[in-house]
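Beneath this line is the structure, given in structure tokens, with notes to follow.
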């Protein structure tokens, strides 16, 4: 599936859209980590929690459960909220 | 830093800021400086340290806004960087305690000279980590991270400094790789004699905020602990409640800051030691009265030096602003070089880099308009 990467993580991917596979968000993040080493820990902490200002959108809705099943032809949007100075 | 693998004519200042890192390359006379940066523009860099054992491994503790923390590594003085394969991260929940996540790595410390490749890291919330491969892979180190007693001493994330409680001042005794110290804000000073398998508090003699119980380790707030390069049996400490000295094998800290002028006080964050004289130390007092403005007392910044182990203190402010300067210096943002006339360097919360080539007597501004400076280290690339 297509995955939109936030600009703060383009240093890993080199581009905003990437292709990754996974039957769940967790599996998809595993594939992203395989392709772009280091990227997962910037978005998900060591306890498996999505970091505070990272948001995931799938099928026009925000999702919070990393076990959410994904369709191979879907799109996952990863967004980093910006705040602070 | 040790003397091996160094070219004394090439001094580099490693400046870590809230918005990136800069390297200032000095000439042999320390008169002209070539700026290299920014590196990691927009990243929070809490510490930037060159390995004195090989003179080439440079580690940066980084965090990008709301992204997770990581460590970057360079072996060519920042021309290229490689991210750690496994940055510091806590393990799963253990001992019935809540699981924790590293918010940022705050402190980086190269290991003993006889253990090349070993590094230590202190994090927020408080955690101790170790790498044995030059900073590429990090693992929780020692029992403290998930020890119920230490968890109690850590307090909660609301008990520490505004951007989180920190483990800092990781010290390796140059005479004994098994002898380690670290400090926590808050949570006291701790010592290990067995290579980190166990630690015990080392807080006797240290004051706590009035009305609190000094036997409760969690109330102790050391800001910066340093071991004398010329005498590993002597430590100095800048604390939330004063300046102290400890001569081993003694275990009672002696408050040596009471002779600073009353209107200045002995509260501050950084503390710097002379590379060859264990009686000489420099501090940068700040306003710790009432609401703790954390500014230079009276808006008049000054370094204070002792040349007699803390019995007396001299004010050094020549060249610094005489009034209306309301910045201060954070705990990692002041350091010394190893030249014959020791150079001192500090970075301010307002983004200025100052230096003195005569051990603090005369100061000049080396750079302005940087982001808030978190750390300044000297380095001698090999």
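Residue numbers (the working numbering), protein chains in the order written: chain A, 7 to 91; chain B, 12 to 393. Where a beta carbon is used, it is the ideal one built from N, C-alpha and C, also for glycine.
Three-state secondary structure (DSSP) of residue i
i             : result
residue 3/A   : This structure cannot settle anything about residue 3/A, because the visible part of chain A is limited to 7 through 91.
residue 281/B : strand
residue 309/B : helix
residue 24/B  : strand
residue 379/B : coil
residue 275/B : coil
residue 182/B : strand
residue 260/B : coil
residue 11/A  : coil
residue 391/B : coil
residue 297/B : coil
residue 87/A  : coil
residue 302/B : coil
residue 147/B : coil
residue 76/A  : coil
residue 24/A  : strand
residue 194/B : strand
residue 39/A  : helix
residue 45/B  : strand
residue 51/B  : coil
residue 16/B  : Unreliable placement is indicated for residue 16/B, whose pLDDT of 36 sits below 50; the coordinate value is still reported in the next sentence. Coil.
residue 361/B : coil
residue 33/B  : strand
residue 316/B : strand
residue 267/B : coil
C-beta neighbour in chain A for residue i, strict 9 Å
i             : result
residue 117/B : no
residue 77/B  : yes
residue 388/B : no
residue 165/B : no
residue 14/B  : Summary for residue 14/B: the model assigns pLDDT 39, below 50, so the residue's position carries little reliability; its value from the coordinates is reported in the next sentence. Not closer than 9 Å to any Cβ of chain A, the Cβ of residue 14/B fails to qualify, so no.
residue 94/B  : yes
residue 102/B : yes
residue 112/B : yes
residue 81/B  : yes
residue 98/B  : yes
Alpha-carbon to alpha-carbon, residue j and residue i
i             : j             : result
residue 17/B  : residue 364/B : Low per-residue confidence applies at residue 17/B: pLDDT is 42, beneath 50, and the placement is therefore not dependable enough to give any value.
residue 99/B  : residue 46/A  : 14 Å
residue 275/B : residue 304/B : 13 Å
residue 42/A  : residue 35/A  : 10 Å
residue 12/A  : residue 146/B : 27 Å
residue 24/A  : residue 54/B  : 24 Å
residue 335/B : residue 360/B : 14 Å
residue 389/B : residue 73/B  : 19 Å
residue 154/B : residue 207/B : 8 Å
residue 238/B : residue 263/B : 15 Å
residue 62/B  : residue 346/B : 16 Å
residue 129/B : residue 212/B : 24 Å
residue 241/B : residue 42/B  : 27 Å
residue 65/A  : residue 33/A  : 18 Å
residue 7/A   : residue 236/B : 52 Å
residue 373/B : residue 316/B : 13 Å
residue 343/B : residue 351/B : 23 Å
residue 51/A  : residue 39/A  : 13 Å
residue 341/B : residue 73/A  : 43 Å
Closer than 9 Å to chain B by CB, residue i
i            : result
residue 26/A : no
residue 47/A : yes
residue 55/A : yes
residue 37/A : no
residue 86/A : yes
residue 78/A : no
residue 58/A : yes
residue 83/A : no
residue 71/A : no
residue 50/A : yes
residue 20/A : no
residue 33/A : no
residue 62/A : no
residue 67/A : no
residue 15/A : yes
Assumed close pair residue i, residue j - CB separation to whole angstroms, cut-off 8 Å
i             : j             : result
residue 382/B : residue 67/B  : So it is not a contact: roughly 26 Å between Cβ atoms.
residue 252/B : residue 218/B : 4 Å
residue 31/B  : residue 51/B  : 5 Å
residue 18/A  : residue 44/A  : 6 Å
residue 156/B : residue 101/B : 6 Å
residue 78/B  : residue 356/B : Between residue 356/B and residue 78/B the Cβ distance is about 30 Å, and since that is not below 8 Å, they are no contact.
residue 30/A  : residue 76/A  : 6 Å
Residue i: CB within 8 Å of a non-hydrogen atom of the ligand ATP
i            : result
residue 27/B : With respect to the ligand ATP, the structure shown offers nothing to examine, as it has no ligands at all.
Original post:
Which residue spans inside the region 74-138 of chain B form an unbroken beta strand (DSSP E) run of at least 3?
Top reply: 80-85, 115-121, 130-135
**OP:** Kindly provide the ranges of any beta strand (DSSP E) runs that are 3 or more residues long and lie completely inside the region 200-252 of chain B, ordered along the chain.
**Re:** 233-239, 242-250
**OP:** Can you check the region 328-356 of chain B for any beta strand (DSSP E) of at least 3 residues that lies completely inside it and give the ranges in chain order?
**Re:** 345-347
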